[in-house]
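Per the working numbering: the sequence shown = residues 1018 to 1470.
The next block holds one structure in the form of structure tokens; read it before the comments.
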Amino acid sequence: MTTGIQAKSTGKRSPTIDAEVSELSSQAHTQSNAIAHEGANVESVTMRHWPYPFRAMLAVCSDLDETPNRQSYWDTAEFLNTTRSTPMGEGLGLEVGNTIYFDMAADQFAYWNTDDAGRSMVHSLIRSGHIDCLHSFGDLATTREHAQRALDELEQNGCRLDVWIDHARAVTNFDGEVMLGEGDVTSSPAYHADLTIKHGVQYVWRCRVTSVLGQNVPPQLGGILSSAHPIASGKTLAKELTKHVLSRMGNEKYAVHAPNRILTRSKLRDGQPVYEFLRCNPHWGGVSSYDTAWGIGDVLTDRMLQRLVQREGGCILYTHLGKSKPNASAPLEAPAIEGFRRLAATQARGELLVTTTRRLLGYCRAKEEISLTASRLDDSITIDIDTQKNRYATLPLIIDRDLEGLTFYTPDPDRTRIRIDGEVVPKLTRNAADSSGRKSVSIPWTRLEFPES
Ligand SMILES: [Zn+2]
């Protein structure tokens, strides 16, 4: 299926060549950005799969469970996101987000458990984009009032989170089957979906994890097998295969597996539209193995990273960076640090773009939801992006954030401009040819700025 821009001659003798654009179906296979040509004198423009020059994109999506205190939460974030000197060594300068919840047992780092300095840290990390997901309201949040209190607190501090991730068996969860949530059941005392969606949540994770590495490309189950661990990896493969078979048979619980898409248009049980997303843990031991700070070094292997790049897939990596070994000397120890170094090296080579969950979701949504027109007048090409026509969620795409990184192949980058809803993008990045031999222009990708303290 074509997801690019279809340009065709109008058949008139006008210097303008109008372009028709195929709809960017959410079910489309985003690998195939080829143009369907019609007529003569056609100039072609297509959308690149991932931001130039990268061939794949990954978000480390960590549930904060068992994070002991605010210092370890901060130290981990600072090490991953900056190049400062930190207790774990010189930072890696990646872009990695985190989750937050509110009502938890006293021994866990959580919003209401930490002190004023911890809450202030949370505010600044939310504002900078480095806390990007709500991880339910916590185990001890059982009523609508708990949810209201947490949302009021966020809003009073100028904070908004638009990604929701179910947690354990929290009753505020949205998944009713595995996670036993009632957060979107209107008759439940825990019903909060109306408040939470109004706050801004529109991306929802309901306990769907796959072993298949690389989404938004056709699933390949063979990569799950590990020759060093034939029995365990065979079991993981069998489990994943079952999910895919059930998915194809119309089973609702596993519906997101067969299409292998990061985002699926869905609805909560109270009828509100949301984007459901799929996370991945490709470890040979299964989706719940090595999903921790002590295990992530075994997940972020060279083989895994190269495979993701070769498959040109997206990945929202399921993990828990608050879970260290009992006597750990630091939140991340040597194996995890080595894994993250490999990840940073893959990004430095221009192969894999690492960003937060929220940004990856926004990018995927933008790529699937915008409608495009390319037109040519004399020597210049205009790419018009319409962000409204195919909109599904209540809230619009955020122009300054969700469209960053979108890259379009064009025969003449210097004479190509982009308009978003009629407004010309003032500055574009003009790219040399990539391995496909085609030049491109990009809406500039800007890094999030990590707070000073
Ligand atoms: Zn959790």
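Glycine included, each C-beta is placed from N, C-alpha and C at the ideal position.
Glu1469 counts as exposed, since fewer than 16 other beta carbons sit within 10 angstroms of its beta carbon.
In this structure, the beta-carbon distance from Asp1201 to Arg1286 falls below 8 Å. Less than 8 Å divides the Cβ of Pro1348 from the Cβ of Ser1089. Here Asn1448 carries a strand assignment [DSSP, helix/strand/coil]. Not one heavy atom of ligand 1 lies closer than 7 Å to the C-beta of His1261. Looking at the DSSP output, Ile1435 bridges to Ile1400. The set of residues whose C-beta lies within less than 6 Å of a heavy atom of ligand 1 reads, in chain order, Asp1080, Asp1082, His1152, His1184 and Ala1185. Closest option to Gln1364, judged by alpha-carbon separation, among Leu1322, Asn1407 and Val1234: Leu1322. Ranked by how close their Cα comes to the Cα of Asp1092, the residues Arg1072, Ile1241, Gly1108 and Cys1297 have Gly1108 in first place.
Counting along the chain, no alpha helix (DSSP H) covers Ser1243, and no H or E run does either. Here the alpha carbon of Phe1191 sits roughly 7 Å from the alpha carbon of Asp1183. The three-state reading of DSSP puts Gly1135 in helix, counting H, G and I together. Here Ser1453 is exposed, its C-beta having fewer than 16 other C-beta atoms within 10 Å. Note that the C-beta distance between Asp1179 and Gln1219 is below 8 Å. With contact defined as three or more Cβ pairs closer than 8 Å, the segment 1383 to 1393 and the segment 1116 to 1136 are not in contact. With 16 or more other CB atoms across the displayed protein chains lying within 10 angstroms of its CB, Leu1334 is buried. For Tyr1118, the three-state secondary structure derived from DSSP is coil. A straight line joining the alpha-carbon of Glu1440 with that of Ser1306 spans about 47 Å.
For Trp1311, the CB contacts under 8 Å within the same chain, skipping 5 residues up- and downstream, are Lys1340, Ser1341, Lys1342, Ala1345, Glu1350, Pro1352 and Ala1353 in chain order.
Within the segment 1340 to 1410, the complete alpha helix (DSSP H) segments of 4 residues or longer fall at 1351 to 1365 and 1374 to 1386, listed in chain order. Spatial neighbours of Met1266 in its own chain (CB-CB distance under 7 Å, excluding positions within 5 residues in sequence) are not present. Pairing Leu1370 with Pro1068 gives a Cβ-Cβ distance under 8 Å. Within its own chain, the residues whose Cβ lies closer than 8 Å to the Cβ of Arg1436, once the five positions on either side in sequence are excluded, are Thr1399, Ile1400, Asp1401, Ile1402 and Val1442, listed in chain order. Glu1329 places its beta carbon less than 8 Å from that of His1066. Glu1293 carries a strand assignment under DSSP once its states are collapsed to helix, strand and coil. Comparing alpha carbon positions, the residue from His1246, Tyr1409 and Cys1078 closest to Trp1222 is Cys1078. Going by DSSP, Trp1091 is part of the alpha helix (DSSP H) stretching over Arg1087 to Asn1098. Shown here, Ser1459 sits in a strand according to DSSP, grouped into three states. Note that the C-beta distance between Leu1212 and Ala1255 is not below 8 Å.
By the Cβ neighbour-count rule, Arg1382 is buried, with 16 or more other Cβ atoms within 10 Å of its own.
Excluding the 5 residues flanking it on each side, Asp1080 has same chain C-beta neighbours closer than 6 Å at Thr1116, His1152 and His1337, in chain order.
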